[in-house]
Amino acid sequence: MEDLVLYEKVGNIGVLKVNRPKAFNALSREVVDEIDNKLAIIEKDEEIRALIVTGDGNFAAGADIVAMVELNPEQARAFLFSDTFNRLENLSIPTIAAVCGYALGGGLELALTCDFRIASEDAKVGLPEITLGIMPGAGGTVRLPRLIGEAKAKEMILLGGQIKADEALKAGLFTKVVPKEELFDEAMKLAEKLAQRPKLALKAAKQSINNGKAQAEAIVKEADIWSSLFATHDQKEGMRAFVDKRKPQYIGK
Ligand code: HXC
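Structure follows, in structure tokens:
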């Protein structure tokens, strides 16, 4: 079987690529565990000075709905990705999400853990969890409002729609949008620039910015609220409807 996550070093830049194209890079527990394994390697590698996170074709269309449908709250809590996403956010080196295609749900939450997000013109982002009878659970309700402001974040989280690259750029979610064929080179250019900055000062600045967010507790609480929804009818209905390719019938229970 092909590796679910690819990792390579290009000079002193690390490139981490989600590689499950048939499922639009849906993030299963296995994919996230693989990301975690690669992060352990990256943390120990003194040579790596910046990291690019990307996906094959799409960035990632969210957590794997098929794997989540029948989870109970306890299992949902264990399924969550917050530990790995926090680990990525707290890497001492700068990180860049190179976003192509869909970055939805947990996929967008993955991109939100990076220091920068640059995108190709075909990128579409959103937090569609509400349409499945749940809410974002891997940092989305905490990180997105801080990044783009509460009103725009609420529009995305409570309505669950998608926005295109140019709108995401205007909202401050992306720092740059480029044609698809230029995305990787653009990410490399930024990574190389960052790699030339003094490493200890970079690490200190990043640590200080992350400290200022004081968000750890909110992310733990988000996980508790998120998993509690797995005791509801509407979560089961929303996810079963996605799997059955039909419209969900919500009853508010
Ligand atoms: C499992 C997924 C998936 C997902 C896509 N696929 N997204 N499988 N989990 N999140 C699969 C589809 O089932 C399908 O498989 C194949 O990928 C292609 O998808 P289609 O729907 O046929 O393609 P298209 O019509 O082009 O629509 C693409 C799409 C749509 C807009 C991305 O697939 C979609 O809405 N996906 C779900 C997005 C979503 O709701 N994400 C949030 C998940 S909840 P088959 O086998 O039929 O070809 C979440 C919570 C995070 O992320 C909290 C932390 C754990």
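In case it helps, the working numbering puts the sequence shown at residues 36 to 288. For each residue, glycine too, the CB sits at the ideal point set by N, CA and C. Remember, predicted model here, so these are calculated numbers, not experimental data.
Limits of the alpha helix (DSSP H) - the one that residue i falls within
i, result
"ARG11", "The displayed coordinates of the chain run from 36 to 288. Any statement about residue 11 would go beyond what the structure contains."
"GLN110", "108–114"
"LYS256", "251–263"
"ASN125", "Run containing ASN125: none; DSSP gives neither H nor E here."
"MET170", "Careful: MET170 lies outside any alpha helix (DSSP H) and carries neither H nor E."
Residue range of the beta strand (DSSP E) that includes residue i
i, result
"ARG152", "151–155"
"GLU69", "That residue, GLU69, is in no beta strand (DSSP E); its alpha helix (DSSP H) goes 64–79."
"LYS211", "211–213"
"ALA138", "137–139"
Within 8 Å, strictly: CB atoms of residue i and residue j
i, j, result
"LEU179", "ALA188", "yes"
Beta bridge counterpart(s) of residue i as assigned by DSSP
i, result
"GLN197", "GLY161"
"VAL40", "VAL53"
"THR130", "LEU86"
Cβ-based neighbour list, residue i, same chain, cut-off 8 Å, excluding 5 preceding and 5 following
i, result
"LEU106", "PHE114 and PHE265"
6 Å CB neighbourhood of residue i in its chain, flanking five on each side removed
i, result
"ILE169", "LEU264 and GLN270"
"GLN197", "LYS159 and GLY161"
"LEU229", "ALA85 and PRO129"
"GLY207", "ILE183"
Contact set for residue i: own chain, Cβ-Cβ below 7 Å, skip 5 residues either direction
i, result
"PHE277", "ILE100 and LEU167"
"PHE54", "A small fix is needed here, since residue 54 is Asn in this sequence, not Phe. Within the same chain, ASN54 has close Cβ partners GLU37, ASP38, LEU39, VAL40, LEU41 and ASP91."
"ARG152", "ALA132, VAL134, ALA146, LEU208, PHE209 and THR210"
Classification of residue i by the beta-carbon crowding that lies within 10 angstroms, buried from 16 upward
i, result
"GLY141", "buried"
"ILE286", "exposed"
"ALA75", "exposed"
"LYS57", "exposed"
"PRO214", "exposed"
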